[in-house]
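Visitor: Below you will find the structure I want to go over with you.
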Amino acid sequence: MQQKPKMLKSSMKKRAKNKLMHAQLSKKINAGAVNLALAFLILIHASLFAQQVQPVPILDPGNIARYPLFQQMPLIQQEMPMVTIAAVGDLMMSSWIIDYVNEMGVDYPFDSTRTILASADIAIANLEAPLTAEGERFEDKKYTFKVPPHFVEGIAGAGFDVVTMANNHIVDYGCQGVMSTIDILNGAGIKSCGAGENRRQACSPTFIDVNNVRIAFVGFSMTFPDEFWATADTCGTCYPTEDLLARVISECERQADFTVASFHWGAEKHTEPRQYQINFGRRAIDFGAD
């Protein structure tokens, strides 16, 4: 792409600096080496551009051949891989829904959405209740739910690839219910995040690689009861302090090209976010979430 040369050296330096800043802020779509090559090419091109009367199109092999420094750098791909994600809200298959599923089959709840979910590269949902036949019910709670384990066949058949377990019902049947859910999801080929046997596991991201892109998924719950929040040595969901949010998302960014952060928060029947939701949402983006 041709660019008009700057007449003043200071203007050319400013342009070079802006290009570098843009390169540093660009997301890593291809492998890390390609992304590094992009930044390095822009750096070299900006340096040469400050000395040239006419700019050099860096995507033109003929022009690249004229400069030995360019010859060892890979050409930048003009077409980047695309990844589509279908994200739905609460996936609740407990309570009165159990009777319908037992009668109609585990695929029945997804008959109207399966085609949509299958059209995406990745489908994600919030698994609102544990998949378990065991566990001790949490007594100090008005509504508690659990889902028959074999219902996972319908979830997998619907096309879901990953679920977040960070919510206010996943611990309704204790740590046994949480760990049972993780095992059952793993057995069905569904990845999970947002809950675990301790805070470390609950706040650890899960990764999916598709179309040469690695995406990190992490889930946070900011809903009560606070007994459901995992600690260093107790199971539960990932409750984010600002410091923890920064550490988790930074780790996601270190290991993946994109980070998808899911929050379970707010109050039922409210149509506007509360201030803490706005604050934490903005902080997540500041820390690198996409």
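At position 208 of the sequence shown the residue is numbered 209 (my numbering), and the sequence of numbers has no breaks. Ideal Cβ placement from N, Cα and C applies to all residues, glycine included. Bear in mind that the values here come from a model prediction, so they are computed numbers and not experimental data.
Buried or exposed: W230, going by 16 or more other Cβ atoms within 10 Å of its Cβ?
Guide: That one is buried.
Visitor: For the beta strand (DSSP E) that contains C194, what are its first and last residues?
Guide: Where C194 is concerned, the enclosing beta strand (DSSP E) stretches over K192 to C194.
Visitor: For N127, does the three-state DSSP call read helix, strand or coil?
Guide: Residue state, collapsed to three classes: strand.
Visitor: For D287, which residues from the same chain have a beta carbon less than 8 Å from its beta carbon, with the 5 sequence-adjacent residues on both sides left out?
Guide: So the list is empty, once near-sequence residues are dropped.
Visitor: With distances taken Cα to Cα, identify the nearest neighbour of L228 among T238, F221 and G220.
Guide: Per the sequence presented here, residue 228 reads as Glu, with Leu not at that position. Comparing Cα positions, the closest option is T238.
Visitor: DSSP beta-bridge partners for V163?
Guide: I125 and K192.
Visitor: By Cβ distance, which residues of its chain are closer than 6 Å to P241, with the 5 residues on each side in sequence left out?
Guide: F221, listed in sequence order.
Visitor: Excluding five sequence neighbours on each side, which residues of the same chain lie with their C-beta closer than 8 Å to the C-beta of T145?
Guide: R138, F139, H170, D173 and Y174, listed in sequence order.
Visitor: Buried or exposed for M166, please, with buried defined as at least 16 other CB atoms from any protein chain shown within 10 angstroms of its CB.
Guide: Result: buried.
Visitor: Checking 8 Å against the spacing of the C-beta atoms, do V219 and A262 come in under that value?
Guide: Yes, the pair counts as a contact, with Cβ atoms nearer than the cut-off.
Visitor: Is it true that the CB of S181 sits closer than 8 Å to the CB of S132?
Guide: In the sequence on display, residue 132 carries Leu and not Ser. It is a contact, given that the beta carbons lie within the stated cut-off.
Visitor: Pull up the distance between the alpha-carbon of S96 and that of D112, whole angstroms please.
Guide: Straight-line Cα distance between these residues: approximately 20 Å.
Visitor: Beta carbon of A257, beta carbon of F208: below 8 Å?
Guide: Cβ atoms of A257 and F208: closer than 8 Å.
Visitor: Using beta-carbon positions only, say whether I1 and V163 come within less than 8 Å of one another.
Guide: Outside the shown range of the chain (2 to 291) lies residue 1, about which nothing can therefore be said.
Visitor: Taking DSSP's pairing of strands, which residues face S95 in a bridge?
Guide: DSSP lists no partner for S95.
Visitor: Please name the residue, chosen from N199, P82, T224 and D210, that lies closest to D234 on a Cα-to-Cα basis.
Guide: Checking every option, the nearest Cα to that of D234 belongs to N199.
Visitor: Restricting to Cα atoms, I'd like to know which of Y277, N187, V102 and M94 is closest to T224.
Guide: Answer by Cα proximity: Y277.
Visitor: Could you tell me the boundaries of the alpha helix (DSSP H) in which R307 lies?
Guide: With the chain covering only 2 through 291, there is no way to say anything about residue 307.
Visitor: What does a CB cutoff of less than 6 Å around E154 pick up in its chain, not counting 5 residues either side in sequence?
Guide: Result list for E154: V107, in chain order.
Visitor: Would you say G237 faces chain B, with C-beta separation under 8 Å as the test?
Guide: Considering every chain present, this structure includes no chain B. It has just one protein chain.
Visitor: Is it right to say H271 is buried, meaning 16 or more other beta carbons lie within 10 angstroms of its own, or is it exposed?
Guide: H271 is exposed by the Cβ-count criterion.
Visitor: How far does the alpha helix (DSSP H) with D287 in it extend, from its first residue to its last?
Guide: Start and end: Q276 to F288.
Visitor: If I follow the unbroken beta strand (DSSP E) through V219, where does it start and stop?
Guide: Element bounds for V219: V214 to S222.
Visitor: Helix, strand or coil for A203, going by three-state DSSP, please let me know.
Guide: Of the three classes helix, strand and coil, the one that applies to A203 here is helix, per DSSP.
Visitor: Give me the Cα-Cα distance between D82 and N280, rounded to the nearest whole angstrom.
Guide: Looking at the sequence shown, residue 82 is not Asp but Pro. Approximately 32 Å between the Cα atoms of the pair.
Visitor: Terminal residues of the continuous alpha helix (DSSP H) containing A231?
Guide: Run containing A231: none; DSSP gives neither H nor E here.
Visitor: Relative to the C-alpha of N212, which residue among E243, P206, F259 and G188 is closest?
Guide: Comparing Cα-Cα distances from N212 to each of E243, P206, F259 and G188, the minimum goes to F259.
Visitor: Would you mind sorting H265 into buried or exposed? The rule is 16 or more other CB atoms within 10 Å of its CB.
Guide: Buried: at least 16 other Cβ atoms inside 10 Å.
Visitor: Is it buried or exposed, A134, if we count other Cβ atoms within 10 angstroms and call 16 or more buried?
Guide: So A134 ends up on the exposed side.
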